[in-house]
Amino acid sequence: MKIKKAAGSIAFFAGLIILWQFLYVAATDWFEWAKPYAIPHPAGVWESIISLVTSGTLQAAIGSSMVRVLIGFFIAIIIGVIFGILIVNSDYLARNLKPLILGIQTLPSICWVPFAILWFGLAESAIIFVVVMGSAFSISLAVESGIKSVPPIYIKAAKTMGVSQKKLYLHVIFPAALPSFVAGLKQGWSFAWRALMSGEVMSASLGLGYTLMVGRDLADINQVMTIMLVIIFIGIIIDKGVFTTLENHILRKRGLL
Amino acid sequence: MFLKLNSINKTFTNTDKETLQDISLEVEKGEFICIVGPSGCGKSTLLNLVAGLDTPTSGEIILDGQQVTGPGPDRIVMFQEAALYPWLNVIENVMFGLDAAGHTKKEQLEIAEKYLRMVQLWHYRDYPIHQISGGMKQRTALARSLALDSKLLLMDEPFSALDKQTINILRAELEEIWEKNRKTILYITHSVEEAIYFADRVVVMAENPGRIKEIIPIRLERPRNIEGTEFTSLRKRILDQVQLSARKSMEVEFDKEEEK
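Chains as they are written, first to last, in this note's numbering: chain A, 1113 to 1369; chain B, 396 to 655.
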């Protein structure tokens, strides 16, 4: 069964590549809708991957992008948790701050780029700022809804057992809200990853976004495509490999899966 | 007096209806008190007040010379749902409260073992909560409550969500445990049978507003035989009392299994 599924997946992606090649040939050769340099093709992307890997550019770009996004994501988690807890504990903030956060969350992160450049210059911190602004708010909303969804009976039981406020948060509310937290982090991660690209294409320091822009500047559409594929690939790996695995582990342990 | 409820009144702010009216009750140390009444008579509200999870509109609750102002480990509550933490296994759940009470890890393990053996769950100590039955969950909750050795144990229909067979087993177990450690228990139930089975005194409540209608001492010898003639006549008497106070529409809902 497993082999059959794997074979199906391979066939799917092989088919996709064949279709891609077919469309490339059709568009550039048969009908001449577009110039060959405007459309990426599988062989060109493969060459691009090889040259980016052998020169070490791709590894370096992935490395510095990951460092940035991890720093930004970490800061966003801290800010998100603080805001989330504040909103849960205050009706006033829930009424006034929460709608504002909901609004800011819908703001595309590229809107923060002008601020980032004005405040931090074309520096590392500017990109991290964009990542933080792009993901902190969605995390704070996830934290808030996670805490709110904790069954009141868990808290009641803890209180009658004389649990301190600190222990109540660390050992009851946090673990009870953990499944929603992780779901929120997963969403926050995808926001952070997108925000990172908004920041990186604007700046001039090494990274995936910058390598993509270099491809544009050199009119190398295959390099642009390569970087896009890498961005998609990393997105999938982190989402499935880290967050979904973590989520499933937590749910399975509690018999919810 | 060990526990003293001094003319408790409770009116919730969102409704102007008086939920509890002038509740006064004195309980001696080691007494098993069952509070029985139709749904909506405020018996769970009363338990929440004693637990300190809610505050009375007027009146005071005094336990062992101290006024109740909030929840605390001297008054453990056992809820209708087990309220166990699904991220902890059976023994960790029992140890949870002990940790809060400041016991060392070693003491926690010793105490948890003692009470898990008491409720016959020692064998299941490492089981995750979702893998044990409803009856075992309530036994775990009972072990957790007993382990804290509180002055007062408050039980809010702890067996009502279980099936009949399990209820019978757990009743007998609780009775046996209580005979040994003589904890002061305030036990809320809608089952008159259960009340007579356990109680030194049955407090019958009436509704609209929630008030104490009668306090009936039960002097039958323990363990009580629910099929005995004295038991059944007592049950009939209390059931009549309760039903008299219940609205006609409530009668259907009330004590279903005993009506059959």
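Each residue gets a CB set at the ideal place from its N, CA and C atoms; glycine is no exception.
Every value quoted in this text rests on a predicted model; they were computed, and no experiment measured them.
Residue i: contacting residues in chain A (beta-carbon distance under 7 Å)
i                 : result
Glu476 of chain B : Ile1265
Ile471 of chain B : Thr1272 and Met1273
Glu543 of chain B : Per the sequence shown, residue 543 of chain B should be read as Leu rather than Glu. In chain order: Met1273.
Gly467 of chain B : Gly1274
Proximity winner among the options, relative to residue i (alpha-carbon distances)
i                  : options                                       : result
Phe1303 of chain A : A:Thr1166, A:Ala1188, A:Val1157 and A:Leu1164 : A:Ala1188
Ile1265 of chain A : B:Leu448, B:Thr408 and B:Glu426               : B:Leu448
Met473 of chain B  : B:Met550, B:Ala567 and B:Trp573               : B:Met550
Leu398 of chain B  : B:Val422, B:Lys631 and B:Val485               : B:Val422
Trp1305 of chain A : A:Gly1347, A:Ser1315, A:Leu1341 and A:Met1314 : A:Gly1347
Thr406 of chain B  : B:Lys424, B:Pro433 and B:Thr452               : B:Thr452
Leu1182 of chain A : A:Thr1169, A:Ala1248, A:Ala1228 and A:Lys1271 : A:Ala1248
Met1245 of chain A : A:Gly1184, A:Gly1296 and A:Glu1256            : A:Gly1184
Leu420 of chain B  : B:His498, B:Lys575, B:Lys608 and B:Gly497     : B:Lys608
Ile471 of chain B  : B:Leu581, B:Arg614 and B:Val587               : B:Leu581
Asp1332 of chain A : A:Ala1269, A:Ile1151 and A:Leu1205            : A:Ile1151
Arg1180 of chain A : A:Phe1124, A:Ile1191 and A:Ser1237            : A:Ser1237
Phe1286 of chain A : A:Ala1316, A:Val1193, A:Gly1353 and A:Lys1271 : A:Val1193
Arg512 of chain B  : B:Thr450, B:Glu568, B:Asp469 and B:Gln560     : B:Glu568
Glu505 of chain B  : B:Leu442, B:Ala542, B:Ile403 and B:Gln533     : B:Ala542
Glu1359 of chain A : A:Phe1143, A:Leu1212 and A:Pro1291            : A:Pro1291
Glu589 of chain B  : B:Glu602, B:Met600, B:Pro468 and B:Ile621     : B:Ile621
Gln503 of chain B  : B:Thr584, B:Ile486 and B:Leu516               : B:Ile486
Leu516 of chain B  : B:Pro523, B:Leu629, B:Thr499 and B:Arg534     : B:Arg534
Gln1335 of chain A : A:Thr1140, A:Lys1147, A:Leu1135 and A:Leu1164 : A:Leu1164
Phe1186 of chain A : A:Ser1121, A:Trp1224 and A:Ile1240            : A:Ile1240
Ser1176 of chain A : A:Ile1349, A:Ile1350 and A:Gly1321            : A:Gly1321
Val1243 of chain A : A:Val1313, A:Ala1146, A:Leu1214 and A:Tyr1149 : A:Val1313
Where residue i meets chain B, residues with beta-carbon distance less than 9 Å
i                  : result
Val1255 of chain A : Chain B residues near Val1255 of chain A: none, gap ~18 Å exceeds 9 Å.
Val1284 of chain A : Tyr480 and Phe491
Listed by chain order, chain A residues near residue i by CB distance under 8 Å
i                 : result
Tyr510 of chain B : Going along chain A, no residue has its Cβ under 8 Å from Tyr510 of chain B, so there is no contact; the nearest lies around 14 Å.
His525 of chain B : Arg1366, Gly1367 and Leu1368
Leu448 of chain B : Lys1268, Lys1271 and Thr1272
Pro553 of chain B : Chain A residues near Pro553 of chain B: none, gap ~12 Å exceeds 8 Å.
Residue span of the beta strand (DSSP E) that contains residue i, given as start and end
i                  : result
Pro1291 of chain A : Unbroken run through Pro1291 of chain A is the alpha helix (DSSP H), Phe1286 to Met1314; no beta strand (DSSP E).
Lys1260 of chain A : Not the beta strand (DSSP E): Lys1260 of chain A falls in the alpha helix (DSSP H), residues Glu1236 to Lys1260.
Lys608 of chain B  : Arg606 to Pro612
Asn547 of chain B  : First, the residue type needs correcting, since residue 547 of chain B is Leu and not Asn in the sequence shown. Leu547 of chain B -> beta strand (DSSP E) spans Leu547 to Asp551.
Ile580 of chain B  : Thr579 to Thr584
Arg596 of chain B  : Arg596 to Ala601
Chain-ordered chain B contacts of residue i [CB-CB under 7 Å]
i                  : result
Val1275 of chain A : Ala495
Lys1279 of chain A : Ala495
Pro1148 of chain A : Within chain B, no residue comes near Pro1148 of chain A; the closest Cβ sits about 58 Å away, beyond 7 Å.
Cβ pair residue i, residue j closer than 8 Å
i                  : j                  : result
Leu547 of chain B  : Leu458 of chain B  : yes
Ile1161 of chain A : Thr1338 of chain A : yes
Ala538 of chain B  : Tyr510 of chain B  : yes
Ser1252 of chain A : Gly1196 of chain A : yes
Leu1297 of chain A : Phe1355 of chain A : yes
Ile428 of chain B  : Lys438 of chain B  : no
Leu444 of chain B  : Pro604 of chain B  : no
Gln526 of chain B  : Gly1300 of chain A : no
Val597 of chain B  : Ile633 of chain B  : yes
Asp595 of chain B  : Glu426 of chain B  : yes
Leu1318 of chain A : Ala1173 of chain A : yes
Gly1274 of chain A : Ala496 of chain B  : yes
Arg606 of chain B  : Asp417 of chain B  : yes
Ser1315 of chain A : Ile1222 of chain A : no
Val1284 of chain A : Ala1270 of chain A : yes
Thr1272 of chain A : Pro553 of chain B  : no
Delimiting residues of the alpha helix (DSSP H) encompassing residue i
i                  : result
Leu1164 of chain A : Pro1154 to Thr1166
Tyr1322 of chain A : Leu1320 to Asp1329
Asp1351 of chain A : First-last for Asp1351 of chain A: undefined, no H or E at that position.
Phe1185 of chain A : Thr1169 to Asn1201
Ser1121 of chain A : Lys1114 to Val1137
Ile1362 of chain A : Thr1357 to Lys1365
Lys1268 of chain A : Pro1264 to Thr1272
Arg539 of chain B  : Gly529 to Ala542
Pro1226 of chain A : Val1225 to Phe1232
Phe491 of chain B  : Val485 to Ala495
Glu589 of chain B  : Val587 to Phe593
Leu569 of chain B  : Lys559 to Asn576
Proximal residues of chain B, C-beta to C-beta of residue i below 8 Å
i                  : result
Pro1226 of chain A : Correct list: empty, because the minimum Cβ distance to chain B is about 44 Å.
Residue i CB to nearest heavy atom of the ligand ADP below 7 Å
i                 : result
Leu444 of chain B : Among the components modelled here there is no ligand, and therefore nothing to report on the ligand ADP.
Subject >> Unbroken stretches of the beta strand (DSSP E), 3 residues or longer, contained in the region 497–523 of chain B >> reply: none
Subject >> Length-filtered (4 minimum) alpha helix (DSSP H) runs lying within the region 404–477 of chain B >> reply: 438–446
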